[in-house]
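**Q** Take this structure first; my questions come after.
Protein chains: 2
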Amino acid sequence: MSDGIIAAMKLSALGEFELIELIKIAVRPTHQPSSETSARIMVDIGDDTAAWSGSDLVQLATTDSLVENVHFKFRWCTWEDLGHKSLAVNLSDIAAMGGRARFALVSLSCPGDVDSDQVLEYYRGMTRLATKHEVVIIGGNLTSSPVVTSTVCVFGEAFPDHILTRGAANPGDAIVVTGTLGSAAAAIALLGDRAVSAEAVPAPLLRALVRPEARLSEAQLLVDLGVRCAIDISDGLLSDLGHICECSGVSATLHAAQVPLSPEYRGTAELHTKYALVGGEDYELLFACDPSLVPQVAEALMCPVTVVGEITSRTVSPAVTVLDHEGLPLDVGRPGWRHFAL
Amino acid sequence: MSDGIIAAMKLSALGEFELIELIKIAVRPTHQPSSETSARIMVDIGDDTAAWSGSDLVQLATTDSLVENVHFKFRWCTWEDLGHKSLAVNLSDIAAMGGRARFALVSLSCPGDVDSDQVLEYYRGMTRLATKHEVVIIGGNLTSSPVVTSTVCVFGEAFPDHILTRGAANPGDAIVVTGTLGSAAAAIALLGDRAVSAEAVPAPLLRALVRPEARLSEAQLLVDLGVRCAIDISDGLLSDLGHICECSGVSATLHAAQVPLSPEYRGTAELHTKYALVGGEDYELLFACDPSLVPQVAEALMCPVTVVGEITSRTVSPAVTVLDHEGLPLDVGRPGWRHFAL
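As you go down the protein sequences, you meet chains Z and D in turn. Going left to right, the first sequence walks through residues 1 to 342 as my numbering numbers them. Going left to right, the second sequence walks through residues 343 to 684 as my numbering numbers them.
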């Protein structure tokens with residue numbers, strides 16, 4: 001490396017410490033001298049821990065892992081996509097608490113025969129998204145593993161008494177979602193058929209799957225407008241609404257025909273509303289609030305805002321009742337992803 | 343589960359949400375109502391993120407992963423050991439910054455054919471160590487994976503201007519280590535020979551490998567006494583001293599004969615001082631300070647404290663010169679672990 005030019009090398013040849021030096025360069029754009037978050041950094045990548053100056057705000061922390069062939073396949077997910085999504089799913093959790101994301105630690109495990117430029121693509125994908133939301137990649141970990149595993153931990157902050165939780169829904173509240181649902185699950189369903197290549201999947205569906213956007217600014221607006229109950233839709237609408245019901249001690253009625261679908265989703269004739277109800281990985285916000293707030297919310301947010309049901313007093317199981325377009329109960333089967341199902 | 347008695351089940355049969363309920367119970371002892379840290383919790387396991395009240399102290403965050411058959415094998419590491427060690431290696435990083443550990447997020451990836459009681463043993467091993475250091479397990483993530491991967495993220499706090507960094511060594515400083523070195527590497531060397539069972543490895547060596555103790559209270563004393571430069575020995579003494587030299591812009595001389603070895607390590611005739619120099623996973627503290635501070639430090643700490651060398655002005659490569667018992671340069675080969683070496 002004496003000439004300063006580094007060609008792509010297998011990680012097994014490059015070594016951990018050399019790779020860390022390249023990663024420091026790749027994530028440097030997240031260190032924006034003008035940003036309030038960067039100004040707080042006291043110890044950056046390259047010591048035993050990261051360190052930053054504290055604040056009296058509420059401290060938020062979350063972590064999520066993506067595992068090769070469990071959550072993604074390189075057949076349809078690039079290294080850059082993986083970097084983006086690994087951060088996005090965590091940012092979505094910070095959004096779901098009404099917080100501002102600040103710092104990220106990135107743990108990447110991968111085989112020694114991976115090329116350094118693939119790893120750098122991963123960090124570049126993550127860096128682009130981090131820069132957009134002024135999140136600083138401040139540390140992490142690299143290890144060898146037979147299977148690529150990406151675990152990101154994000155720290156955020158929120159104002160006291162201004163956080164969104166799963167436990168704040170009340171009977172009479174409207175159940176509202178941002179954006180459209182089911183596109184990521186539709187992409188997975190299409191890709192599950194091995195005869196279908198990634199190129200044959202409608203681009204907006206594939207994009208929903210590999211490049212989800214966290215609703216951070218939308219969540220800030222919700223908090224400002226007085227909303228206090230939210231979750232991000234990662235397991236699936238029905239499952240995540242079930243979490244709200246459980247934590248809030250309420251029940252809910254969901255109107256399947258009101259669930260917003262993207263035009264591309266609607267255009268895929270063989271897919272049903274079911275994917276939008278029980279498919280996961282939408283990373284939209286699901287929130288509950290007084291119905292009188294909905295018009296203001298719809299006005300303030302720059303994305304679709306759709307009422308899909310209402311919170312009711314707690315009834316016997318199931319907590320969530322789904323009604324079809326005629327108002328009759330709809331059986332949509334087992335809700336949400338179950339990671340350990342074989 | 344209607345009778346309240348849950349037999350060990352495969353994760354694939356139990357499901358993620360049911361397992362999370364069992365984990366909440368397993369980690370409950372870390373929530374000690376009397377502890378200052380527990381009193382700060384605002385949102386616990388079971389929402390989108392954990393949340394706690396902030397402070398104006400320096401915020402520390404670190405993460406480390408242990409991967410099956412890369413960092414450990416179940417032939418010699420129990421699930422309880424894995425839980426303990428996964429937390430310990432992160433606590434060691436907080437110690438190396440002079441911080442107090444506060445909260446942990448735990449990401450466990452494992453195959454669906456693992457038993458729930460194995461996963462609970464993992465959390466119990468971690469809970470015992472967390473309770474000892476008043477660290478609260480406040481969230482995390484569970485995913486399926488073909489290979490067991492344990493990634494823990496720990497948050498800590500330190501007083502401003504009272505942190506230990508790698509960059510604060512000065513020429514003339516004594517180089518000091520806590521405890522004894524090489525035991526974990528000696529255990530790995532013995533276990534590497536598949537003819538040797540875990541039972542045949544001297545218990546103190548195996549214990550050093552699977553149940554390392556983080557030097558949190560010792561590090562607090564170092565900071566109080568005025569020490570400002572430290573690292574924990576995870577990669578190996580020579581490699582970690584190299585990190586201090588690089589970050590501090592200094593060189594170092596190490597006296598191999600002064601490196602402290604445990605009696606069990608000395609008793610293993612076929613092992614050489616080399617393991618204590620380049621073997622990793624000691625999780626002892628390596629620090630540099632004015633030689634005049636050493637007697638006070640030795641008096642204050644409840645563990646062995648040994649001067650193993652001295653910091654010198656920066657010279658040409660190598661930054662670290664190792665001398666043998668006659669004061670002659672010793673070639674100890676490639677320092678530290680290299681994760682991606684095949």
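We put the CB at the ideal spot given by N, CA and C, even for glycine.
Residues in the stretch 138 to 167 of chain Z with C-beta within 9 Å of chain D's C-beta atoms, listed in sequence order?
**A** 138, 139, 140, 141, 142, 143, 144, 145, 146, 147, 149, 151, 153, 154, 155, 156, 157, 158, 160, 163, 164, 165, 166, 167
**Q** Are three or more beta carbon pairs between the stretch 122 to 133 of chain Z and the stretch 175 to 195 of chain Z nearer than 8 Å?
**A** no
**Q** Report the three-state DSSP secondary structure of residue 100 of chain Z (helix, strand or coil).
**A** Taking the first sequence and counting its residues from 1, the one referred to as residue 100 of chain Z is at position 100. Correct three-state label for residue 100 of chain Z: strand.
**Q** Once the 5 residues before and after residue 485 of chain D are set aside, which same chain residues still bring their CB inside 6 Å of it?
**A** Reading the second sequence from its first residue, position 143 is the one you call residue 485 of chain D. Contacts found: 451.
**Q** Measuring CA to CA, which of D:410, D:434, D:473, D:513 is closest to residue 686 of chain D?
**A** In the structure as shown, chain D begins at 343 and stops at 684. Residue 686 of chain D is therefore absent and cannot be evaluated.
**Q** Go to residue 20 of chain Z, then tell me how far its alpha helix (DSSP H) extends in each direction, as first and last residue.
**A** Numbered from 1 along the first sequence, position 20 holds the residue referred to as residue 20 of chain Z. Start and end: 16 to 26.
**Q** Please state the DSSP three-state secondary structure of residue 355 of chain D.
**A** As a working mapping, residue 355 of chain D is identified with position 13 in the second sequence. Residue 355 of chain D falls in the helix class under three-state DSSP.
**Q** Would you check if the stretch 217 to 225 of chain Z and the stretch 146 to 155 of chain Z touch, i.e. whether three or more CB-CB distances between them fall below 8 Å?
**A** No contact exists between the stretch 146 to 155 of chain Z and the stretch 217 to 225 of chain Z.
**Q** Along chain Z, in chain order, which residues have C-beta atoms closer than 8 Å to that of residue 421 of chain D?
**A** As a first step, residue 421 of chain D is located in the second sequence; it is residue number 79 there, counting from the start. Correct list: empty, because the minimum Cβ distance to chain Z is about 16 Å.
**Q** Have a look at residue 347 of chain D and residue 243 of chain Z and give me their C-alpha separation to the nearest angstrom.
**A** Taking the first residue of the second sequence as position 1, residue 347 of chain D is located at position 5. Taking the first residue of the first sequence as position 1, residue 243 of chain Z is located at position 243. Per-residue confidence for residue 347 of chain D stands at a pLDDT of 46, beneath the threshold of 50, marking its modelled position as unreliable; no derived number is given.
**Q** Run through chain Z and tell me which residues come within less than 8 Å of residue 405 of chain D, C-beta to C-beta.
**A** Your numbering for residue 405 of chain D matches position 63 in the second sequence. Simply 105, 107, 139, 140, 141, 151, 153.
**Q** Keeping to the same chain, check which residues put their C-beta closer than 8 Å to that of residue 343 of chain Z; ignore five residues upstream and five downstream.
**A** Not covered by the structure: residue 343 of chain Z. The range shown for chain Z is 1 to 342.
**Q** Enumerate in chain order the residues of its own chain whose CB-to-CB distance from residue 246 of chain Z is below 7 Å, with the five nearest sequence positions on each side excluded.
**A** By one-based count along the first sequence, residue 246 of chain Z stands at place 246. Beyond the five residues adjoining it in sequence on each side, residue 246 of chain Z comes within less than 7 Å, by CB distance, of 319 in the same chain, given in chain order.
**Q** Quick one: residues in its chain with C-beta nearer than 8 Å to the C-beta of residue 391 of chain D, no 5 flanking neighbours on either side, listed in chain order?
**A** Numbered from its first residue, the second sequence carries residue 391 of chain D at position 49. Counting only Cβ-Cβ distances below 8 Å, and skipping sequence neighbours, we find 385, 481.
**Q** In angstroms with no decimal places, state the Cα-to-Cα distance between residue 449 of chain D and residue 404 of chain D.
**A** Locating residue 449 of chain D in the second sequence gives position 107, counting from the first residue. Locating residue 404 of chain D in the second sequence gives position 62, counting from the first residue. Taking the straight line from one Cα to the other gives about 13 Å.
**Q** May I have the straight-line CA-CA distance separating residue 477 of chain D from residue 671 of chain D, to the nearest angstrom?
**A** Against the second sequence, residue 477 of chain D aligns to sequence position 135. Against the second sequence, residue 671 of chain D aligns to sequence position 329. Answer to the nearest angstrom: the Cα atoms are 44 Å apart.
**Q** Do three or more CB pairs link the stretch 430 to 444 of chain D to the stretch 531 to 549 of chain D at distances below 8 Å?
**A** no
**Q** Please name the residue, chosen from Z:294, Z:292, Z:241, Z:117, that lies closest to residue 22 of chain Z on a Cα-to-Cα basis.
**A** Along the first sequence, one-based indexing puts residue 22 of chain Z at 22. For the residues Z:294, Z:292, Z:241, Z:117, the minimum Cα distance to residue 22 of chain Z belongs to Z:117.
**Q** Is it buried or exposed, residue 290 of chain Z, if we count other Cβ atoms within 10 angstroms and call 16 or more buried?
**A** Taking the first residue of the first sequence as position 1, residue 290 of chain Z is located at position 290. Exposed.
**Q** Please specify which runs of the beta strand (DSSP E), each continuous and at least 3 residues long, are wholly inside the stretch 160 to 247 of chain Z, giving them in chain order.
**A** 174 to 178, 229 to 232
**Q** In or out: residue 103 of chain Z buried (at least 16 other Cβ within 10 Å) or exposed?
**A** Position 103 of the first sequence holds residue 103 of chain Z. With 16 or more other Cβ atoms within 10 Å, it is buried.
**Q** Starting from the Cα of residue 471 of chain D, find the closest Cα among D:428, D:356, D:412 and give me that residue.
**A** Start at 1 with the first residue of the second sequence, and residue 471 of chain D comes out as number 129. Considering only alpha carbons, the answer is D:428.
**Q** Could you say which of D:655, D:640, D:573, D:506 lies nearest to residue 627 of chain D if we only look at CA atoms?
**A** Indexing the second sequence from 1 puts residue 627 of chain D at position 285. If we check each option's Cα against that of residue 627 of chain D, D:573 comes out closest.
**Q** Measuring only the C-alpha atoms, how far is residue 322 of chain Z from residue 331 of chain Z?
**A** On the first sequence, position 322 is the one that residue 322 of chain Z refers to. On the first sequence, position 331 is the one that residue 331 of chain Z refers to. Annotation: residue 322 of chain Z to residue 331 of chain Z spans about 7 Å, alpha carbon to alpha carbon.
**Q** When the distance is taken between beta carbons, is residue 518 of chain D closer than 8 Å to residue 648 of chain D?
**A** One-based indexing of the second sequence puts residue 648 of chain D at position 306. One-based indexing of the second sequence puts residue 518 of chain D at position 176. In this structure, residue 518 of chain D lies closer than 8 Å to residue 648 of chain D by Cβ.
**Q** Note the first and the last residue of the continuous alpha helix (DSSP H) segment covering residue 638 of chain D.
**A** Here residue 638 of chain D corresponds to residue number 296 of the second sequence, with the count starting at 1. Residues 636 to 642.
**Q** Could you tell me whether the stretch 365 to 372 of chain D touches the stretch 33 to 40 of chain Z, using the rule of 3 or more Cβ pairs below 8 Å?
**A** no
**Q** Kindly indicate which residue of Z:165, Z:280, Z:111, Z:256 has the alpha-carbon position closest to the one of residue 13 of chain Z.
**A** Looking up residue 13 of chain Z in the first sequence gives position 13. Of Z:165, Z:280, Z:111, Z:256, the residue nearest in Cα terms is Z:111.
**Q** Report the partner residues of residue 157 of chain Z according to the DSSP bridge assignment.
**A** Here the question's residue 157 of chain Z lines up with position 157 in the first sequence. Paired residues: Z:59, Z:100.
**Q** So what's residue 684 of chain D in DSSP terms, helix, strand or just coil?
**A** Translated into positions along the second sequence, residue 684 of chain D becomes position 342. Confidence at residue 684 of chain D is low in this model, with a pLDDT of 39, below 50, so the placement of that residue should be treated as unreliable; the coordinate-derived value is given next. If DSSP states are grouped into helix, strand and coil, residue 684 of chain D belongs with coil.
**Q** Considering Cα atoms alone, identify which of Z:248, Z:268, Z:18 is closest to residue 202 of chain Z.
**A** Stepping through the first sequence from its first residue, residue 202 of chain Z is reached at position 202. Nearest C-alpha to residue 202 of chain Z: Z:268.
**Q** Select from the stretch 27 to 48 of chain Z all residues with a C-beta closer than 8 Å to any C-beta belonging to chain D, and list them in chain order.
**A** When C-beta distances to chain D are compared with 8 Å, the residues of the stretch 27 to 48 of chain Z below that value are 42, 43, 46, 47, 48, in chain order.
**Q** Who are the near neighbours of residue 717 of chain D in its chain, counting only those whose CB is closer than 7 Å to its CB and skipping five residues on each side?
**A** What the structure shows of chain D is the stretch from 343 to 684, and residue 717 of chain D is not part of that stretch, so it cannot be assessed.
**Q** Check whether the Cβ of residue 59 of chain Z lies closer than 8 Å to any Cβ atom in chain D.
**A** Taking the first sequence and counting its residues from 1, the one referred to as residue 59 of chain Z is at position 59. Closer than 8 Å: yes.
**Q** For a contact meaning CB atoms closer than 8 Å, what does residue 247 of chain Z contact in chain D?
**A** Here the question's residue 247 of chain Z lines up with position 247 in the first sequence. Chain D residues near residue 247 of chain Z: 388, 389.
**Q** Return the CA-CA distance between residue 360 of chain D and residue 53 of chain Z, expressed in angstroms with no decimal places.
**A** Along the second sequence, one-based indexing puts residue 360 of chain D at 18. Along the first sequence, one-based indexing puts residue 53 of chain Z at 53. Between residue 360 of chain D and residue 53 of chain Z, the C-alpha separation is close to 38 Å.
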